[in-house]
Every structure is written in C-alpha cells, then in structure tokens.
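Heads up: the structure comes next, in structure tokens.
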Amino acid sequence: MEQNRQHAVVLGAGWAGLLHAIPLARRFDRVTLVERDVLPRGPEPHRGVPQGDHIHLLVPGGLARLEQLLPGVTDEMTTAGAHLIDSSLWRLHMGGGPVDLTDADVRITGATRPLLESVVRERVLEMDGVDLLEGWGAQELTTTPDRDRVTGVRLQSQHDPQQEQTLAADLVVDTTGKGSRSPRWLADLGYGRIEEVRVAVDIHYATRLFRRDPADLDGCQNVLVDIPPDGTRGGVALAVEDDRWLVTLIGMLGERPPADLDGFVEYARSLPFADLHDIVRDAEPVSEPRQRAFPAASWRRFDRLARLPARYLVSGDAVCSFDPRFGQGMTVAIIEAVETGRVLDDGGLDDAGPRLLAAAGWAVHDAWDLATGSALANPRVDGPGRCPGGSPTPTCSGCSRWPTATRSSVRPSSASSGCSPARPSSCTPASSRASWPARTAPPGPRRRRRHDLASRRPLSRRFSPCSPLRWREQRRSAAPDPPQPVPAARRGSRSRHSRPSPG
Ligand SMILES: Cc1cc2nc3c(=O)[nH]c(=O)nc-3n(C[C@H](O)[C@H](O)[C@H](O)COP(=O)(O)OP(=O)(O)OC[C@H]3O[C@@H](n4cnc5c(N)ncnc54)[C@H](O)[C@@H]3O)c2cc1C
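Each residue of the sequence shown is one higher than the one before, starting from 92 at the first, in my numbering.
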C-alpha cells in the first residue's frame with residue numbers, strides 16, 4: 092500500500108539527526124529537525140553535545156560514506172579549515188610499539204567536532220523541505236489509540252516549560268543521543284523493557300588545544316598512544332583547523348588525566364612514547380581544559396524487542412554508544428543514515444524501524460565488537476562476554492592493538508583471520524553473534540597472523556586495508572543512494588529555521 096510521505100520528524104539535530112535528515116528529505120515532502128538546543132551558526136560547540144570538546148575524527152570508511160551522502164562535503168570541510176590526514180602522517184603506538192601504516196593510503200579528518208558538525212549542518216539545512224525547530228525538547232510520542240503506530244511527538248519549549256506543541260508526522264526518528272527517552276517511551280506504551288548491554292570502561296578524558304607549528308613532529312598530524320590491555324593511560328593528538336593541536340589524554344579504570352597545565356604535561360610525559368609530551372611540553376595552550384567521564388559503553392537492544400510501534404525509527408547513540416577511544420560512533424551513524432534511505436526505498440513506513448535495526452545491525456555489531464573486545468582485554472573491565480579464562484569473547488576484531496584511527500575502514504589482516512593473542516582458543520567468537528545473521532567472509536586469502544605472545548606484539552606491524560566495512564561497501568555499491576546535486580549558490584541565507592518563540 093502506498094503510504095503518505097508528507098512529513099518526517101527527526102528528534103535531535105546532532106550528528107545522527109542531521110545525517111538522517113538527508114535520505115528523508117529525498118523521500119518526504121517535509122522534514123522537521125527538532126532540537127532542544129538553540130544551535131550555533133558556525134563551528135561552535137553546543138550544550139547538547141558536551142563530548143564535542145574532545146577529539147572527534149572520521150575514520151576512512153565514515154569519510155567516504157559521508158561524501159556519498161553529501162557530495163562535495165569533504166572539500167567544504169577542508170575549505171573550512173579541516174585537514175585530511177593521510178596515513179603517511181600518522182604516528183601510532185599500539186600494543187607496546189609503533190605501527191606502520193605508511194602504505195595504507197587512507198585518510199581521516201583532522202578537525203574539531205564543531206567544525207565537522209557545522210559543515211554538515213549547513214548543507215542539510217539548505218536542502219529543500221528541511222526545517223529546523225530549535226529550543227524545543229521531545230517530551231513524548233503520540234500514537235494511535237491502540238498504540239500500534241506513532242503519529243507524532245509532543246514538544247516542550249526549553250524557554251518556557253508551560254509552552255507545548257504537538258507535531259504530527261508520518262514517520263518519527265529518534266536521534267537524541269545517549270540520553271534518548273525511547274526506552275522509557277516504549278515501556279510506557281507497553282512495548283516492554285529494553286535490554287541494555289553495558290561495558291564499564293570507566294574512562295576519563297582531559298582535552299586542550301595547543302598552537303601547532305606545521306614542523307612539529309616532522310609534519311606528523313595524528314598521534315595515538317593506545318592504552319595497552321594491562322595499562323590505564325593513553326592519549327591522542329590531532330592536527331585541527333587554525334594551526335592547532337587537539338590533545339586528548341585518556342585514563343581508564345580510576346585514572347583521571349589532570350586538567351591543569353603542569354599536570355597535563357606531566358601525564359603526557361608518563362606515557363610510554365614521547366610524541367604527545369613532545370607536542371605539549373613547549374606548545375602554547377590556546378584553550379581552557381575540558382574534562383569528561385565516559386563510565387560505560389552501552390548498547391540498547393531495540394532489535395530484541397518483540398515488536399516496535401509502526402513508523403518509528405531509532406538510530407545513532409540512542410541505540411549504541413561505543414567506547415569513544417575507537418572513533419566509531421559518527422561513522423556508524425553515517426551508515427545508519429545510508430541504510431535508512433535503502434529501507435525506505437525497499438518497503439513501507441510501518442515496519443521501517445525493525446528493518447533499519449536489521450539493515451544497519453552489522454555496523455553496530457562490528458563497531459561494538461571492536462571496541463568492547465579491546466576493553467575486555469583488560470581483565471579489570473567489567474562487562475558481558477568474558478570467557479571463563481577471563482578473556483573477552485568478542486571476535487578478534489576487538490583486539491586492543493588495532494589503530495583507533497583506522498577503525499571501520501582498515502583492519503589488520505589478522506582481523507579477518509580470527510586470531511587474537513588475547514583470546515584463548517576455548518572462546519568462540521560466534522557465540523557473541525548468535526542473534527545476528529551470518530555474514531559472508533571478505534574476499535581474498537585468509538592468513539593466520541603470528542604473534543609474539545610474550546611481548547604481546549604482532550610480529551609484523553604492516554596492516555592491509557582489508558576490512559569488513561570496505562568489502563561490504565563494494566558489495567553494496569551496486570545500489571548507491573542517489574547522489575544529491577550540489578546547488579551552485581548553496582552558501583547564503585539559512586531559510587526556514589524556526590527560532591524558539593521569545594520568552
Ligand atoms: C569523548 C568522546 C569522543 C568521541 N570521539 C569520537 C570520534 O573520534 N569519532 C566518532 O566517530 N565518534 C566519536 N564519539 C562518539 C560521537 O560523539 C557520537 O557517536 C555521536 O555524537 C552520536 O551522534 P548522535 O546524533 O546520536 O548524538 P549526539 O551527537 O549526542 O546528538 C544528540 C542531539 O539530540 C539533542 N537532544 C537530546 N535530547 C533531546 C530531546 N529530548 N529533544 C530534542 N533534542 C534532543 C541534543 O541536544 C543533541 O543535539 C566520541 C564520543 C565521546 C564521548
């Protein structure tokens with residue numbers, strides 16, 4: 092049955108909300124982005140995305156897909172000041188030593204999160220039919236009397252709690268992030284309690300911007316000192332817009348990187364590799380420090396509910412919030428947005444929610460395995476999926492030595508071999524995937540990688556750009572999302588924003 096596709100409402104205009112508006116705008120007459128904050132008009136942080144002060148990069152697979160969704164966006168990011176950092180300019184230290192990715196020929200973004208988000212926001216808000224309703228928070232869903240179908244959302248003004256309004260919609264998408272009220276809404280509507288899988292990583296961040304000289308570290312633009320499985324300290328530095336280093340120091344399991352400058356420099360000095368200390372010891376700090384805690388990664392298993400209300404989608408961090416050390420969340424949201432377009436083309440609106448969870452499940456699952464496998468390699472991290480020997484059961488893709496910056500696009504060849512020194516043979520990776528459809532193996536030879544178990548280092552530190560996301564991308568390229576023409580004069584007035592009503 093042909094269904095009405097007049098109005099889609101997206102709750103939350105953060106990263107995932109903006110991205111989901113893209114396929115919706117191509118399939119609905121109107122899309123309204125409802126955002127609790129009043130959003131900045133440029134590359135500035137906003138309250139609803141407090142994590143935005145810390146390092147945010149797009150891994151190669153995310154960057155490529157974003158360009159598919161919004162052709163020309165990579166150029167716009169670089170015009171706005173972002174770096175595209177080639178793997179030859181990375182310095183990665185993992186598993187106790189340097190990792191050589193010189194030949195990988197892949198790129199990540201080097202920009203602050205506010206810059207990445209503002210470029211995407213500007214493009215999305217210029218799309219035909221997209222409106223932004225700022226300063227209004229989603230309070231609850233409205234449904235048909237039998238509660239089988241979502242019909243809209245009730246909103247409350249953030250400026251005057253007495254003010255409310257209801258938006259009617261043919262489809263509602265929840266992308267309100269980690270604090271999503273979907274679990275409560277669905278429980279109240281009688282859909283049951285959502286199972287939440289948590290891995291208590293207990294991570295703390297301290298971040299500062301420093302002035303960057305292009306000659307620093309011989310031109311290197313991305314440094315990662317990974318937390319080893321038996322350690323608690325690490326850090327990352329990224330070259331970002333306006334000649335700055337964004338330096339994030341990370342502590343795990345009770346370790347808290349200090350915010351004051353002396354303590355920050357001293358913490359960098361305590362890391363097993365000197366690169367981060369080399370950057371911060373003499374550089375001029377150009378921002379106040381920011382600290383943030385990330386107690387646990389969490390995956391809300393909406394896919395395990397017996398049913399969802401019709402015409403209701405949930406996506407982004409509202410479904411799964413990954414251990415941030417692996418830089419996966421934004422890329423998974425991009426994949427979910429791409430899959431949203433396919434799901435809407437392949438069927439009706441009523442069951443689009445469960446079909447999206449199934450279609451994008453592979454990305455959530457891969458990223459979850461990757462991050463939790465690494466976290467659980469530390470015996471002090473509490474979480475499900477540990478085998479009796481104390482090691483993590485997720486697949487070897489979670490091995491802690493994979494480079495954060497390459498996740499979702501480049502995996503070491505061992506990732507496809509099923510070999511991990513941290514995983515004893517008694518652990519069956521398949522057990523953690525029981526509820527997911529079997530996946531085809533990537534093409535090409537599968538070689539088992541040898542590891543020096545005593546030093547816990549791979550014998551070879553050369554990585555191959557063979558990754559599930561990359562081969563999936565090839566497999567799916569037969570049916571790409573239709574490219575969006577880039578309007579000639581796109582920059583200019585940002586029409587149709589609904590500012591909150593005064594008072
Ligand atoms: C410290 C840290 C570092 C990270 N680094 C990376 C990285 O390098 N790479 C990467 O890919 N990912 C990274 N992530 C993950 C990334 O931040 C998230 O995956 C991503 O922001 C998810 O987007 P989202 O839109 O689902 O949620 P958010 O970006 O959090 O956006 C949610 C939006 O919803 C709005 N909102 C909330 N409630 C309501 C409501 N009731 N009504 C209306 N609006 C509402 C908020 O104001 C906000 O705008 C990191 C996370 C952390 C914590």
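C-beta: ideal position from N, C-alpha, C; glycine also.
Residue of the options minimising C-alpha distance to residue i
i, options, result
"M343", "R335, R324, L329 and A350", "R324"
"R402", "T242, A116, E135 and V164", "T242"
"E208", "E287, G452 and A424", "A424"
"E430", "G270, R96, D460 and I113", "I113"
"V121", "Q142, V371 and R96", "A quick correction: the sequence has Arg, not Val, at residue 121. Here the closest residue by C-alpha is R96."
"A428", "A173, A260 and V264", "V264"
"V316", "L340, E332, L180 and N469", "L340"
"T257", "D239, G228 and L157", "G228"
"G432", "P274, R240 and H111", "H111"
"Q230", "R347, L109 and V244", "V244"
"H456", "Q247, G270, P376 and V288", "V288"
"P380", "R117, H145 and R127", "H145"
"N321", "D373, G186, L440 and R138", "The sequence as given places Asp at residue 321; Asn does not occur at that position. It is G186."
"E332", "V356, I176 and D222", "I176"
"G452", "S406, V371, P131 and V221", "S406"
"R284", "R272, P134 and V292", "R272"
Check: residue i C-beta below 6 Å from any heavy atom of ligand 1
i, result
"R299", "no"
"Q256", "no"
"L161", "no"
"V140", "yes"
"Y403", "no"
"Y296", "yes"
"M343", "no"
"G152", "no"
"E346", "no"
"H250", "no"
"T123", "no"
"A384", "no"
"A107", "yes"
"A229", "yes"
"H609", "What is shown of the chain runs 92 to 594, which leaves residue 609 out entirely."
"R127", "yes"
"P58", "Given that the chain is displayed from residue 92 to residue 594, the structure contains no residue 58 and the question cannot be resolved."
"D279", "no"
"H98", "no"
"H145", "yes"
"T266", "yes"
"G103", "yes"
Anticipated Cβ contact below 8 Å, residue i with residue j, distance rounded
i, j, result
"F385", "V410", "About 17 Å separates the two Cβ atoms, so there is no contact after all."
"L447", "L404", "5 Å"
"Q382", "Y296", "6 Å"
"P151", "R198", "6 Å"
"L115", "V101", "7 Å"
"L399", "G444", "4 Å"
"T200", "L148", "5 Å"
"A388", "V314", "That belief does not hold up - the Cβ atoms of A388 and V314 are roughly 24 Å apart, past 8 Å."
"P136", "P205", "5 Å"
"Q419", "A450", "About 18 Å separates the two Cβ atoms, so there is no contact after all."
"A171", "V210", "6 Å"
"T266", "G108", "4 Å"
"D414", "A466", "6 Å"
"A624", "H368", "One cannot answer for residue 624 here, as it falls past the ends of the chain, which runs 92 to 594."
"C311", "L180", "6 Å"
Residue i at chain C interface by Cβ criterion, 7 Å
i, result
"I341", "Considering every chain present, this structure includes no chain C. It has just one protein chain."
Runs of beta strand (DSSP E) wholly within the region 104 to 132 (minimum 3 residues, chain order): 121 to 126
Output the residue ranges of the beta strand (DSSP E) runs that lie fully inside the region 392 to 478 and measure 3 residues or longer, sorted by chain position. 403 to 405
Which runs of the beta strand (DSSP E) fall wholly inside the region 321 to 372 and span at least 3 residues, in chain order? 324 to 331 and 335 to 343
Counting only runs of 4+ residues fully inside the region 168 to 236, write out the alpha helix (DSSP H) ranges in chain order. 204 to 216
Every unbroken beta strand (DSSP E) within the region 264 to 301, with a cutoff of 3 residues, ordered by chain: 287 to 290
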